[in-house]
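K.L.:
Numbering (full-length UniProt numbering), first residue to last: 1 to 557. Cβ coordinates follow ideal geometry from the N, Cα and C atoms, glycine included. In this text the structure is predicted, and so the values were computed from the model without any measurement. Could you have a look at this structure, given as structure tokens, before my questions?
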Amino acid sequence: MVSAEAGVRRYKWDVKYEFKFPDCYRKLAITINGKTPGPTILARRGDPIIVEVTNGLATENLAIHWHGIRQIGSPWSDGTEGVTQCPILPGDTFIYRFVVDRPGTYLYHAHYGMQREAGLYGSIRVLLPGGVAEPFTYDNDKSIILNDWYHASTYEQAAGLSSIPFVWVGEPQSLLIQGKGKFNCSKLATPSSNPTACNTTNPECSPYVLIVIPGKTYRLRISSITALSALSFQIEGHNMTIVEADGHYVEPIVVQNLFIYSGETYSVLIKIDQEPSRNYWITTNIVARNATAKTPPGLAILNYNPNHPKRVPPTDPPAGPIWSDTAPRLAQGVAIKARQGYVHTPPPKSDRVIVLLNTQNTIDGYYRWSMNNVSFTFPHTPYLIALKENLHHVFDQHPPPDRLDDFTTYDIYRVANNTNAISSNAIYRLKFNSTVDIILQNANTMTENNSETHPWHLHGHDFWVLGYGTGKFDAENDPKKYNLANPIMKNTVVVHPYGWTALRLVADNPGVWFFHCHIEAHLYMGMGVVFEEGVEKVGKLPSEIMGCGETKAFKKP
């Protein structure tokens with residue numbers, strides 16, 4: 001339900017489990033008002049958003065993150081359990097209040113455990129105020145969310161990740177486009193005696209159909225909320241012009257394949273100018289993981305009106321790029337620049353440099369991801385409350401290192417043997433208004449000749465993407481290659497296998513902000529850090545965010 005008065009956008013959501021068939025296979029999914037994906041939040045820049053969330057999950061807590069919304073003045077509404085709030089208990093209702101301060105394409109999703117991949121996600125579309133023109137024109141716009149889909153429950157996956165021996169989640173069974181995909185039921189290892197458990201004729205898993213009118217130009221707001229997969233998105237026979245990334249205008253770039261990583265959002269323009277007597281395929285394919293033989297492509301239909309919307313295109317779907325070819329993915333990232341007239345120039349130099357080396361380690365026999373030999377764990381009392389209430393004893397007061405002592409000699413191509421890796425809930429304290437460079441350095445995993453792709457998302461901020469590189473970061477020479485003239489600003493960025501990515505941010509948003517890999521399993525295994533800045537400037541905390549850890553005795557209404 002949504003209502004609006006005087007610019008205020010109000011939503012009332014009931015969150016619960018329901019049996020759904022997004023890829024024709026029956027699975028318990030987390031729904032909002034009975035649907036997954038959930039409702040699109042539609043607003044204009046400057047609108048207050050009020051979302052009343054009732055947790056109908058009988059045995060699970062809940063929190064919802066507003067991905068890409070900076071939460072200026074409302075850090076307690078960021079929706080990150082353990083960082084900015086206590087979770088919403090079963091049966092409880094929590095009201096998120098925040099302002100959308102910029103136009104663009106954003107997301108929301110669960111941020112408790114691994115609930116996001118169970119279906120709790122949706123789009124946020126923020127328009128300019130009436131009468132304000134954008135730097136490009138189009139006739140209509142549509143939001144499309146891309147996802148991957150597992151048949152195993154999040155409980156099963158989490159149990160495997162925290163077991164000895166370690167059990168990896170494996171590759172997804174399906175790719176979804178706007179919540180719809182198709183699994184080949186004949187491939188079930190143990191077919192169910194229930195004929196409705198997997199049914200390819202179920203209308204819930206009929207392909208998503210995007211209806212278009214020949215001669216028009218459409219803006220497609222494309223978001224990825226995948227649990228694991230990096231994707232290539234393509235529309236048969238149609239070029240796409242990238243015009244927005246993570247809420248920022250970019251110089252128009254024409255592509256045939258849009259490479260998109262979990263947590264990223266893009267706007268592309270497409271012209272409906274092909275042969276009008278037929279329909280065309282919309283496809284997604286996995287890249288950066290050797291999953292092409294296991295996970296079929298995601299398929300949807302671009303329906304040229306007045307053709308029948310279920311009319312199957314007469315051609316085979318596009319095969320997509322070679323999964324292991326990093327070069328075109330790296331080239332797309334390098335090519336995207338801030339749009340002229342909308343460039344926010346970064347500070348010319350930084351006050352601090354933090355080099356985060358991604359490694360995979362075993363800690364007490366468990367497989368974990370570590371940053372500078374520190375694997376992240378959540379505290380029982382959220383950081384924002386602990387810092388405002390001076391509860392210093394509830395988390396480790398020794399900050400993680402800004403870089404490994406032996407980083408200059410560390411071999412990123414060998415299997416990690418970091419016997420000194422630890423688990424910790426310590427955080428980075430950033431000087432308010434300081435400029436900080438963050439270098440994300442990728443390395444080998446616990447498997448020989450293997451380095452993975454990691455999309456990193458920062459809460460509460462946008463950052464400048466100064467550069468990408470292959471191999472090991474050279475602190476002396478690589479900064480000389482930074483793009484300081486027109487770098488794109490983003491909230492999510494990828495670091496490629498055996499590569500590095502350089503970011504610059506200004507610590508000017510009072511609060512406590514999570515920075516983490518957006519792959520669900522990697523975050524669960526500790527791949528994240530927390531930044532605090534200017535927390536003393538945060539206003540009085542609402543009592544609704546309390547009630548866990550050391551705040552159980554705090555007064556709640």
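Using CA atoms only, rank isn't needed, just tell me which of Thr447, Ile488, Phe376, Leu505 is closest to Phe432.
P.N.:
It is Leu505.
K.L.:
Does DSSP classify Lys12 as helix, strand or coil?
P.N.:
Note: Lys12 maps to strand in three-state DSSP.
K.L.:
When you compare each of Lys216, Pro135, Gly91, Lys182 to Asp273 by their alpha carbons, which one comes out closest?
P.N.:
Nearest of Lys216, Pro135, Gly91, Lys182 to Asp273, Cα basis: Lys216.
K.L.:
Among residues of its own chain, excluding the 5 on either side of Ile50, which ones have a beta-carbon nearer than 8 Å to its beta-carbon?
P.N.:
Same-chain partners within the cutoff: Val8, Arg9, Arg10, Tyr11, Ile95, Tyr96, Arg97.
K.L.:
Residue ranges of each alpha helix (DSSP H) run of no fewer than 4 residues wholly in the stretch 488-556, ordered along the chain?
P.N.:
Complete alpha helix (DSSP H) runs here, min 4: 520-524.
K.L.:
To the nearest angstrom, report how far apart Val312 and Leu523 are at their CA atoms.
P.N.:
Cα to Cα, the separation comes out at about 39 Å.
K.L.:
Excluding the 5 residues flanking Trp464 on each side, which residues of the same chain have their C-beta closer than 6 Å to its C-beta?
P.N.:
These residues qualify, in order along the chain: Pro346, Pro487, Met489, Arg504.
K.L.:
Whole angstroms is fine: what's the gap from Leu466's alpha carbon to Lys337's?
P.N.:
Cα-Cα distance, rounded: 10 Å.
K.L.:
In angstroms with no decimal places, state the Cα-to-Cα distance between Cys198 and Ser186.
P.N.:
Near 9 Å, if we compare the C-alpha coordinates of Ser186 and Cys198.
K.L.:
By the 10 Å Cβ neighbour count, where 16 or more other Cβ atoms means buried, how is Pro557 classified, buried or exposed?
P.N.:
Unreliable positioning characterises Pro557 in this predicted model, as indicated by a pLDDT of 47, which lies under 50. The coordinate reading is nonetheless provided below. Pro557 is exposed by the Cβ-count criterion.
K.L.:
Quick one: what's got a C-beta closer than 7 Å to Leu188's C-beta in the same chain, skipping five residues either side?
P.N.:
Cβ within range, chain order: Cys198.
K.L.:
Answer yes if the stretch 325-334 comes into contact with the stretch 407-423, meaning at least three C-beta pairs across the two stretches below 8 Å, and no otherwise.
P.N.:
Contact between the stretch 407-423 and the stretch 325-334 is absent, because fewer than three Cβ pairs lie under 8 Å.
K.L.:
Let me confirm a value: Gln397 is counted as buried when at least 16 other C-beta atoms fall within 10 Å, else exposed. Which label applies?
P.N.:
Label assigned to Gln397: exposed.
K.L.:
Under the three-state reduction of DSSP, which class applies to Ile204: helix, strand or coil?
P.N.:
One detail in the question is off: residue 204 reads as Glu in this sequence, not Ile. DSSP places Glu204 in helix when its eight states are reduced to three.
K.L.:
Count the other C-beta atoms from every protein chain shown that fall within 10 angstroms of the C-beta of residue 583, then say buried if there are 16 or more, exposed otherwise.
P.N.:
Past the boundaries of the shown model lies residue 583; the chain is included only from 1 to 557, so the question cannot be answered.
K.L.:
With DSSP as the reference, label Thr31 as helix, strand or coil.
P.N.:
Correct three-state label for Thr31: strand.
K.L.:
Just verifying my parser: in three-state terms, what is the DSSP assignment at Arg102?
P.N.:
Three-state DSSP puts Arg102 in coil, outside helix and strand.
K.L.:
DSSP state of Tyr155, grouped into three classes?
P.N.:
Helix.
K.L.:
Can at least three beta-carbon pairs, one atom from the stretch 383-391 and one from the stretch 469-484, be found at a separation below 8 Å?
P.N.:
Taking 8 Å as the limit for Cβ pairs, the verdict is that the stretch 469-484 does not touch the stretch 383-391.
K.L.:
Is it the case that the stretch 170-183 contacts the stretch 101-110, given that we only count it when at least three CB pairs across the two stretches are under 8 Å?
P.N.:
Touching, no, given that fewer than three Cβ pairs across the two stretches are closer than 8 Å.
K.L.:
Starting from Lys388, trace the alpha helix (DSSP H) both ways and give me its first and last residue.
P.N.:
383-388 is the span of the alpha helix (DSSP H), which, as asked, contains Lys388.
K.L.:
DSSP three-state label for Lys310, please.
P.N.:
Lys310 falls in the coil class under three-state DSSP.
K.L.:
Pick out whichever of Arg125, Lys35, Trp369 has its Cα sitting closest to the Cα of His248.
P.N.:
It is Arg125.
K.L.:
Report the partner residues of Leu210 according to the DSSP bridge assignment.
P.N.:
Beta-bridge pairing links Leu210 to Leu302.
K.L.:
From what residue to what residue does the beta strand (DSSP E) around Ala227 run?
P.N.:
Run containing Ala227: none; DSSP gives neither H nor E here.
K.L.:
Please confirm if the stretch 540-553 is in contact with the stretch 511-531, defined as three or more CB-CB distances below 8 Å between the two stretches.
P.N.:
Cβ pair count under 8 Å is below three, so no.
K.L.:
Indicate whether Gly122 and Thr40 have their beta-carbon atoms separated by less than 8 Å.
P.N.:
For Gly122 and Thr40, yes; Cβs fall inside 8 Å.
K.L.:
Would you please state the rounded distance, in angstroms, between the beta carbons of Tyr304 and Val212? I believe it to be under 8 Å.
P.N.:
At roughly 6 Å, the Cβ-Cβ gap stays under 8 Å, so Tyr304 and Val212 are in contact.
K.L.:
Would you check if the distance between the CB atom of Ile270 and the CB atom of Ile235 is smaller than 8 Å?
P.N.:
In contact: Ile270 and Ile235 (Cβ atoms closer than 8 Å).
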